[in-house]
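Written out below as structure tokens is the structure these notes cover.
Chains as they are written, first to last, in my numbering: chain A, 1 to 479; chain B, 480 to 733.
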């Protein structure tokens with residue numbers, strides 16, 4: 001006769017260590033050697049930390065607004081750091097020589113950046129549409145309160161344009177939801193794109209004047225082109241597109257000025273932390289896409305593309321960034337006709353973008369090599385063409401694999417922005433060095449370096465934590 | 480070689496004439512001639528390295544043949560990308576390692592291709608996906624990731640993914656070789672069900688039970704050649720060549 005078999009119920013695992021004591025025993029005092037190391041570590045901290053804290057915090061001078069405050073204190077008991085120096089120079093550290101009445105524009109652009117990044121980088125926090133609405137209203141409201149109605153309006157436009165575009169895309173594709181703009185005849189689409197750009201151009205010219213009209217017309221044409229060539233896209237996708245197109249356009253208008261009644265502030269006035277962030281930010285958003293293209297090109301079987309990409313990558317990896325920057329600022333103008341003159345900052349940005357693109361290309365190529373051949377075969381067998389397959393199937397997997405490597409590249413890009421000092425651009429570190437040389441404030445190098453280091457550390461730590469967040473997010477979805 | 484190509488009276492859907500292929504100096508396919516009728520179920524077997532996988536991979540141009548002619552549903556395969564696309568639209572393929580897209584849920588795996596390749600509205604694609612998930616009996620897995628499914632479930636998802644593209648022909652490249660014994664049956668059940676629905680199927684497999692019950696014809700390959708092809712009854716009971724006999728005795732003896 002057949003007997004019924006029942007699996008045994010699962011038992012809870014026996015708990016080995018509990019409480020603080022258990023944790024200590026397991027992590028710090030698990031063996032004689034480890035106990036010695038723990039004690040040594042504690043001894044080192046006791047020896048090194050209190051003097052530093054005393055210098056940096058307890059005996060430091062925070063009050064006052066001139067050198068005499070620190071000098072007076074040093075005579076007395078407060079022999080610590082002189083943070084008054086940083087406080088007095090804060091404006092220069094943040095904005096460089098950007099004229100004081102215009103500094104709100106820099107503030108505005110970075111406040112907008114903070115909200116825009118919050119919007120796309122933390123999608124889980126802001127998923128439902130009504131939360132996005134709320135965020136848009138909060139951002140626009142705070143911009144209006146801080147900087148006036150027009151900047152507030154710009155922010156409002158920035159945050160509600162994705163909804164408008166998504167709705168427009170839906171409207172074009174009609175109730176059936178088929179193809180949409182992509183189904184229209186090609187000449188009609190070209191005409192619509194050119195028409196959209198043209199109308200925008202004429203409108204801007206008639207209301208504001210020539211400056212900035214071309215850039216806005218190009219932007220409108222780009223949006224029209226996207227609406228008419230891609231199939232219906234969600235508001236979330238549009239948000240990314242705007243972050244890569246509209247945001248740089250706004251940042252360019254606001255920081256440089258010379259358009260829409262904003263006074264021109266030439267790039268040699270830029271400096272400090274804001275310059276660091278401009279260089280790092282534009283470097284990051286341009287280097288990654290170029291890096292992806294280079295990585296794909298290097299794996300291409302077409303000999304011309306392959307050779308071009310390989311030689312570019314190998315050339316760039318073979319030279320130091322400093323020499324690339326020198327070439328961009330000294331050699332490049334020599335090769336151009338006399339009257340053509342690109343901005344020095346722009347040349348540095350291009351140099352950094354291509355330099356890091358070459359490094360990122362190799363990191364991404366590593367990820368591409370880890371994708372099994374079967375993924376390509378399955379996609380091809382289902383009828384996928386190269387670019388769609390890469391964009392939706394291969395790259396999403398490859399990029400997830402190389403998040404740690406890319407984060408590495410982003411971090412070193414951020415820190416290497418300090419090298420723009422060699423071509424005379426004063427980033428945060430450059431400004432700090434310049435401030436040290438001020439005769440009024442001689443002798444406060446420690447404070448300046450520690451401040452610059454701390455600021456860099458905060459930004460780097462943020463990037464590093466974000467990469468950990470991304471890794472975790474995508475790792476859990478795999479298993 | 481047995482000369483009963485296109486034995487059934489039905490319309491030819493795959494026509495392979497004088498196909499040769501080399502990997503470097505290695506001659507993998509030697510003068511292959513094979514005709515498959517619409518709705519026919521073909522099982523291709525043979526020792527490893529006999530070229531059977533390569534042969535079916537030539538049918539959707541995952542491998543490129545160097546000599547001869549392959550025509551699928553009236554379209555001859557050449558380097559013309561448009562033709563390759565047309566053929567791949569008609570032909571679905573199953574792999575030994577499933578090759579689901581691991582970064583997407585099961586449902587996304589199923590809807591992605593209809594939406595992006597066939598330009599189907601998402602809602603319609605979802606309905607279709609659920610319809611095929613029901614058919615392979617795993618609708619409850621729609622929101623799971625492939626890594627959370629067993630091998631048998633993954634292969635059934637892969638079948639559903641192919642079916643969502645509404646192919647006329649399905650190629651199976653050893654679909655059960657990477658599976659545990661208990662899971663082989665669930666995949667074979669789905670394949671039998673598919674065969675009953677009239678799909679044209681070419682299966683490279685070592686499941687001789689499946690070949691016996693489902694196949695219209697069994698093709699035996701060795702060293703890049705078709706040694707013999709016959710209906711399963713004759714093939715298993717009266718093989719014509721000693722090589723076939725040896726192969727059969729080896730796979731059936733234990």
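All C-beta atoms, glycine included, are put in the ideal place defined by N, C-alpha and C.
- Around residue 269(A), the same chain offers 97 and 98 as residues with beta carbons nearer than 6 Å, after the five sequence neighbours per side are excluded.
- For residue 592(B), the number of other beta carbons within 10 angstroms of its own is at least 16, and it is reported as buried.
- In summary, no residue of the stretch 544 to 556 of chain B has a CB separated from any CB of chain A by less than 7 Å.
- Listed by position along chain B, the residues whose Cβ is nearer than 9 Å to that of residue 396(A) are 580, 582 and 583.
- For residue 655(B), the number of other beta carbons within 10 angstroms of its own is at least 16, and it is reported as buried.
- Annotation: residue 581(B) to residue 244(A) spans about 28 Å, alpha carbon to alpha carbon.
- Close to residue 574(B), with beta-carbon spacing below 9 Å, are these residues of chain A in chain order: 374, 377, 378 and 381.
- Spatial neighbours of residue 94(A) in its own chain (CB-CB distance under 7 Å, excluding positions within 5 residues in sequence) are listed in chain order as 272, 273 and 274.
- Secondary structure within the stretch 547 to 623 of chain B: the alpha helix (DSSP H) runs of 4 or more consecutive residues, fully enclosed, are 560 to 569, 585 to 595 and 601 to 614 (chain order).
- Below the 8 Å Cβ cutoff, chain A contributes 382 and 383 as neighbours of residue 644(B), in chain order.
- Counted as a single uninterrupted DSSP element, the beta strand (DSSP E) harbouring residue 701(B) occupies residues 696 to 701.
- Taking the beta carbon of residue 501(B) as reference, no residue of chain A falls within 8 Å; the closest one sits roughly 19 Å away.
- Beta-carbon to beta-carbon, residue 637(B) and residue 573(B) are separated by about 6 Å, close enough to satisfy the 8 Å threshold.
- Taking one beta carbon from each stretch, the stretch 685 to 702 of chain B and the stretch 520 to 530 of chain B have 3 or more pairs nearer than 8 Å; the two touch.
- In this chain, the beta strand (DSSP E) harbouring residue 516(B) covers 505 to 516.
- Against chain A, the CB of residue 558(B) has no partner CB under 8 Å away; the residue lies outside that interface.
- Shown here is that no member of the stretch 276 to 292 of chain A has a Cβ falling below 8 Å from a Cβ of chain B.
- With respect to residue 687(B), residue 649(B) sits apart: the two C-beta atoms are not nearer than 8 Å.
- When secondary structure is reduced to three states using DSSP, residue 387(A) falls in the helix class.
- Closest in C-alpha terms to residue 394(A), from the list 354(A), 409(A) and 299(A), comes 299(A).
- Here the alpha carbon of residue 332(A) sits roughly 34 Å from the alpha carbon of residue 225(A).
- Note that the stretch 152 to 160 of chain A touches the stretch 108 to 125 of chain A; at least 3 beta-carbon pairs, one per stretch, sit closer than 8 Å.
- Residues of chain B whose Cβ lies closer than 8 Å to the Cβ of residue 400(A) are, in chain order, 582.
- In the DSSP assignment, residue 473(A) is bridged to no other residue.
- DSSP places residue 314(A) in the helix class (H, G or I) of the three-state scheme.
- For residue 606(B), not one C-beta of chain A is nearer than 8 Å to its own C-beta.
- Going by DSSP, residue 371(A) is part of no beta strand (DSSP E) at all; its letter is neither H nor E.
- Taking every protein chain shown into account, the CB of residue 343(A) has fewer than 16 other CB atoms within 10 angstroms, so this residue is exposed.
- In the three-state reduction of the DSSP assignment, residue 259(A) falls in the coil class.
- Taking each of 251(A), 286(A) and 432(A) in turn and checking the Cα distance to residue 107(A), the smallest one comes out for 251(A).
- For residue 721(B), no beta strand (DSSP E) run applies; the uninterrupted alpha helix (DSSP H) run containing it begins and ends at 721 to 731, by DSSP.
- Contact annotation: residue 403(A) and residue 464(A) have beta-carbon atoms that are not nearer than 8 Å.
- At a cut-off of 8 Å between beta carbons, residue 591(B) contacts chain A.
- By the beta-carbon neighbour count (other beta carbons within 10 angstroms, threshold 16), residue 622(B) is exposed.
- Secondary structure note for residue 424(A): it is in no alpha helix (DSSP H), with a DSSP letter that is neither H nor E.
- Excluding the 5 residues flanking it on each side, residue 451(A) has same chain C-beta neighbours closer than 6 Å at 86, in chain order.
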